[in-house]
Amino acid sequence: MDAKLYNGLTLAYIGDSAYELYIRKHLLKLGYTKVNDLHKHAIKYTSGEAQASVIRYFKEKKLLSDEELQYYKRGRNSNVLKVRKNIDRIDYLEGTGFEALVGYLYLSGYYDRMNEIFDEAIKYIELGGDQHE
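In this note's numbering, the protein residues as written are 6 to 138.
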(Lines of atoms letter the chains of each structure in order from A and count residues from 1; the text may use other names and numbers.)
(Lines give C-alpha, C1' and ligand atoms only; values in the text may rest on other atoms or scores of the structure.)
Protein backbone atom coordinates (compact mmCIF):
# COMPACT_ATOMS: atom_id res chain seq x y z
CA MET A 1 0.00 0.00 0.00
CA ASP A 2 1.14 3.53 -0.66
CA ALA A 3 1.38 5.32 2.71
CA LYS A 4 1.65 8.66 0.88
CA LEU A 5 -2.07 8.42 0.12
CA TYR A 6 -3.11 8.60 3.78
CA ASN A 7 -3.26 11.51 6.17
CA GLY A 8 -1.48 11.52 9.51
CA LEU A 9 -4.48 10.47 11.57
CA THR A 10 -5.21 7.50 9.33
CA LEU A 11 -1.59 6.40 9.57
CA ALA A 12 -1.76 6.83 13.35
CA TYR A 13 -4.92 4.72 13.50
CA ILE A 14 -3.12 1.85 11.76
CA GLY A 15 0.10 2.41 13.70
CA ASP A 16 -1.72 2.33 17.02
CA SER A 17 -3.08 -1.14 16.36
CA ALA A 18 0.24 -2.50 15.04
CA TYR A 19 2.15 -1.21 18.09
CA GLU A 20 -0.52 -2.38 20.54
CA LEU A 21 -0.46 -5.91 19.11
CA TYR A 22 3.35 -6.05 19.22
CA ILE A 23 3.34 -4.94 22.86
CA ARG A 24 0.67 -7.48 23.80
CA LYS A 25 2.73 -10.24 22.19
CA HIS A 26 5.82 -8.98 24.06
CA LEU A 27 3.95 -9.12 27.36
CA LEU A 28 2.76 -12.66 26.66
CA LYS A 29 6.40 -13.65 26.07
CA LEU A 30 7.23 -12.15 29.47
CA GLY A 31 4.66 -14.48 31.03
CA TYR A 32 1.72 -12.17 31.60
CA THR A 33 -1.45 -14.08 30.76
CA LYS A 34 -4.20 -12.51 32.85
CA VAL A 35 -6.11 -9.81 30.99
CA ASN A 36 -5.92 -7.32 33.87
CA ASP A 37 -2.14 -7.78 34.12
CA LEU A 38 -1.73 -7.48 30.37
CA HIS A 39 -3.71 -4.25 30.31
CA LYS A 40 -1.91 -2.76 33.31
CA HIS A 41 1.52 -3.49 31.86
CA ALA A 42 0.61 -2.52 28.30
CA ILE A 43 -0.20 1.03 29.41
CA LYS A 44 3.46 1.47 30.41
CA TYR A 45 4.36 1.06 26.73
CA THR A 46 1.31 2.32 24.84
CA SER A 47 0.14 5.41 26.70
CA GLY A 48 0.39 8.70 24.87
CA GLU A 49 2.97 9.85 27.38
CA ALA A 50 5.11 6.75 26.81
CA GLN A 51 4.90 7.12 23.03
CA ALA A 52 5.79 10.82 23.30
CA SER A 53 8.79 9.98 25.44
CA VAL A 54 9.94 7.30 22.99
CA ILE A 55 9.70 9.55 19.94
CA ARG A 56 11.57 12.35 21.74
CA TYR A 57 14.32 9.86 22.57
CA PHE A 58 14.44 8.68 18.95
CA LYS A 59 14.74 12.28 17.72
CA GLU A 60 17.38 13.18 20.31
CA LYS A 61 19.48 10.12 19.37
CA LYS A 62 18.85 10.68 15.64
CA LEU A 63 17.52 7.14 15.20
CA LEU A 64 15.06 8.06 12.42
CA SER A 65 15.66 8.67 8.73
CA ASP A 66 14.50 11.88 7.07
CA GLU A 67 11.59 10.01 5.49
CA GLU A 68 10.57 8.53 8.86
CA LEU A 69 10.69 11.98 10.42
CA GLN A 70 8.46 13.27 7.64
CA TYR A 71 5.76 10.71 8.49
CA TYR A 72 6.16 11.34 12.22
CA LYS A 73 5.57 15.06 11.53
CA ARG A 74 2.56 14.26 9.37
CA GLY A 75 0.95 12.65 12.41
CA ARG A 76 2.18 15.19 14.94
CA ASN A 77 0.90 18.10 12.89
CA SER A 78 -2.53 16.57 12.27
CA ASN A 79 -5.52 18.73 12.98
CA VAL A 80 -6.61 17.01 16.18
CA LEU A 81 -9.69 18.77 17.49
CA LYS A 82 -10.20 16.89 20.72
CA VAL A 83 -7.58 15.62 23.15
CA ARG A 84 -8.33 13.37 26.11
CA LYS A 85 -8.37 15.26 29.40
CA ASN A 86 -5.80 13.00 31.08
CA ILE A 87 -2.93 13.86 28.70
CA ASP A 88 -1.02 17.01 27.83
CA ARG A 89 -1.80 18.21 24.28
CA ILE A 90 1.88 18.21 23.27
CA ASP A 91 2.33 14.63 24.49
CA TYR A 92 -0.81 13.62 22.64
CA LEU A 93 0.46 15.10 19.38
CA GLU A 94 3.92 13.56 19.84
CA GLY A 95 2.29 10.18 20.50
CA THR A 96 0.13 10.60 17.41
CA GLY A 97 3.30 11.29 15.45
CA PHE A 98 4.87 8.08 16.75
CA GLU A 99 1.78 6.12 15.75
CA ALA A 100 1.77 7.73 12.28
CA LEU A 101 5.41 6.70 11.81
CA VAL A 102 4.48 3.13 12.71
CA GLY A 103 1.47 3.24 10.38
CA TYR A 104 3.72 4.38 7.54
CA LEU A 105 6.17 1.55 8.17
CA TYR A 106 3.39 -1.01 8.43
CA LEU A 107 1.51 0.05 5.30
CA SER A 108 4.76 0.33 3.34
CA GLY A 109 5.72 -3.22 4.27
CA TYR A 110 8.85 -2.16 6.17
CA TYR A 111 8.24 -4.77 8.87
CA ASP A 112 11.88 -5.30 9.82
CA ARG A 113 12.35 -1.58 10.42
CA MET A 114 9.05 -1.39 12.29
CA ASN A 115 10.16 -4.24 14.56
CA GLU A 116 13.52 -2.50 15.14
CA ILE A 117 11.65 0.61 16.26
CA PHE A 118 9.37 -1.44 18.51
CA ASP A 119 12.32 -3.27 20.07
CA GLU A 120 14.18 0.00 20.66
CA ALA A 121 11.05 1.53 22.23
CA ILE A 122 10.63 -1.48 24.53
CA LYS A 123 14.27 -1.37 25.56
CA TYR A 124 14.06 2.36 26.26
CA ILE A 125 10.91 2.00 28.37
CA GLU A 126 12.15 -1.05 30.27
CA LEU A 127 15.37 0.76 31.16
CA GLY A 128 13.24 3.52 32.67
CA GLY A 129 13.90 6.07 29.96
CA ASP A 130 10.33 7.27 30.01
CA GLN A 131 10.78 8.27 33.65
CA HIS A 132 13.54 10.80 32.94
CA GLU A 133 11.53 13.56 31.29
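Even for Gly, the Cβ is constructed at its ideal location relative to N, Cα and C. Remember, predicted model here, so these are calculated numbers, not experimental data.
Which same chain residues, not among the five before or five after G20, have their C-beta less than 7 Å away from its C-beta?
Locating residue 20 in the sequence shown gives position 15, where the first residue counts as 1. Same-chain partners within the cutoff: E104, A105, L106, V107, G108 and Y111.
What first and last residue would you give for the alpha helix (DSSP H) that runs through D124?
If you number the sequence shown from 1, residue 124 lands on position 119. Unbroken alpha helix (DSSP H) run through D124: Y116 to E131.
Cβ pair Y24, G134 closer than 8 Å:
Working through the sequence shown from its first residue, we reach residue 24 at position 19. Working through the sequence shown from its first residue, we reach residue 134 at position 129. It is not a contact, given that the beta carbons lie outside the stated cut-off.
CB L98 to CB R79, shorter than 8 Å?
For the purposes of this step, residue 98 is identified with residue 93 of the sequence shown, where counting begins at 1. For the purposes of this step, residue 79 is identified with residue 74 of the sequence shown, where counting begins at 1. Result no, Cβ atoms of L98 and R79 do not sit closer than 8 Å.
Can you determine whether any heavy atom of the ligand ADP sits closer than 7 Å to the C-beta of Y11, and answer yes or no?
No copy of the ligand ADP appears in this structure; indeed no ligand is present at all.
Roughly how many angstroms lie between the CA atoms of L10 and S113, to the nearest whole one?
Looking up residue 10 in the sequence shown gives position 5. Looking up residue 113 in the sequence shown gives position 108. For L10 and S113, the distance between alpha carbons rounds to 11 Å.
How far does the alpha helix (DSSP H) with Y18 in it reach, from first residue to last?
Position 13 of the sequence shown, counted from the start, is the residue given in the question as residue 18. Residues G13 to K34.
With DSSP run on the structure shown, which of helix, strand or coil describes L10?
The residue given as residue 10 occupies position 5 in the sequence shown. Correct three-state label for L10: helix.
Would the stretch 54-68 and the stretch 25-43 be scored as touching if the rule is three or more Cβ pairs under 8 Å?
no
CA-to-CA distance, N84 to F123, given in whole angstroms
Reading the sequence shown from its first residue, position 118 is the one you call residue 123. Reading the sequence shown from its first residue, position 79 is the one you call residue 84. Whole-angstrom Cα-Cα distance: 26 Å.
Runs of 4 residues minimum, wholly inside the stretch 66-96: which ones carry the alpha helix (DSSP H) assignment?
71-81
Buried or exposed by the 16-neighbour rule on C-beta atoms within 10 Å, applied to G36
Within the sequence shown, residue 36 is the residue found at index 31, counting from 1. It counts as exposed.
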